[in-house]
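**Q** Have a look at the structure that comes next, please.
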Amino acid sequence: SISHIVALEEQNREYFDNNSSTFSKIRVTIHTTGAWPNSLHSNNHVTTLLLLDRGGAVQVNMRTDDGDRRGQLQWKLVNYHHSSSEVKCIDCDLYAPVKVKTLYRAIRHDWKPHQYLFSSGGTGCRYWTYVLLDMTANDTRRFSLRPGVPAHAWRVFGRCYSRTGAERPCNPIRQGQFQSYEDWWNDWFTLE
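Residue numbers (full-length UniProt numbering): 1 to 192.
Here's what the structure looks like:
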């Protein structure tokens, strides 16, 4: 599979930066990361799939390594529309198709949400995804996402989901921090 981590692993950057494939639907996927011991509940991770009009999808996944708060924005070509670990999804239809490169360039060059520091404990993917949807909905020059989508996602993100169907509130939604370029660069590339 073709993958790329924005500004950290430049391998395959051109694939996404120049990709003219179009998508007309964004699927926000809530995954289980495994059940809690002796419980019906589980922790979740949130990712985004750009469902390609000609099949397959591009996964846009803000993640972090265990014990590390620094975000890594991975773009990955996948051949599915639903993940095997999915417990809930939100489909967001666009009024007009968008090229993958249009969103990639908006993220990398204009909005810069890849400069993200997760909250303590490595949480913050819900908030990051909400901000991505909000930026997309507000950028009406390039995107045609309904304005109410971010608020709907925020309500859905207010709960944790599991394979058993058990739900629990996960309020407040933990918010990471979007960093300046200098702070982000220093976190990644300056030795202490």
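A virtual CB, placed ideally from N, CA and C, is assigned to each residue, including glycine.
Using DSSP with H/G/I as helix, E/B as strand and the rest coil, what is residue 153?
**A** Here residue 153 sits in helix by DSSP.
**Q** Roughly how many whole angstroms lie between the Cα atoms of residue 183 and residue 97?
**A** About 35 Å.
**Q** Would you list the residues sitting across from residue 160 in a DSSP beta bridge?
**A** Answer by DSSP bridge pairing, in chain order: 168.
**Q** Would you list the residues sitting across from residue 116 in a DSSP beta bridge?
**A** In the DSSP output, where bridge partners are listed per residue, residue 116 has 178.
**Q** Roughly how many angstroms lie between the CA atoms of residue 84 and residue 159, to the nearest whole one?
**A** Those two C-alpha atoms are separated by around 20 Å.
**Q** If you draw a straight line from the alpha carbon of residue 2 to that of residue 80, how long is it in whole angstroms?
**A** Cα to Cα, residue 2 sits roughly 14 Å from residue 80.
**Q** Below 8 Å between beta carbons: does that hold for residue 90 and residue 156?
**A** Contact: yes.
**Q** Under the assumption that residue 161 contacts residue 58 (Cβ atoms under 8 Å), give the Cβ distance between them as a whole number of angstroms.
**A** 23 Å between Cβ atoms; not a contact.
**Q** Assuming residue 143 and residue 94 form a contact by the criterion Cβ under 8 Å, report the distance between their Cβ atoms to the nearest whole angstrom.
**A** 7 Å between Cβ atoms; contact.
**Q** Please report how far the alpha carbon of residue 18 lies from the alpha carbon of residue 62, in whole angstroms.
**A** Rounded to the nearest angstrom, the two C-alpha atoms are 21 Å apart.
**Q** Please report the distance separating the alpha-carbon of residue 173 from that of residue 101.
**A** Roughly 30 Å separates the two Cα atoms.
**Q** Per DSSP, which one or two residues make a beta bridge with residue 23?
**A** For residue 23, which the question treats as bridged, DSSP gives the partners 52 and 98.
**Q** Restricting to Cα atoms, I'd like to know which of 24, 119, 31 and 36 is closest to residue 55.
**A** Here the closest residue by C-alpha is 24.
**Q** Is residue 67 near residue 127, with beta carbons less than 8 Å apart?
**A** Going by C-beta atoms, residue 67 is not nearer than 8 Å to residue 127.
**Q** Which same chain residues, not among the five before or five after residue 194, have their C-beta less than 8 Å away from its C-beta?
**A** For the chain, the structure presents residues 1 to 192; residue 194 sits outside this window and is missing.
**Q** Give the single residue among 42, 125, 169 and 6 whose Cα lies nearest to the Cα of residue 75.
**A** Closest option to residue 75, Cα to Cα, is 6.
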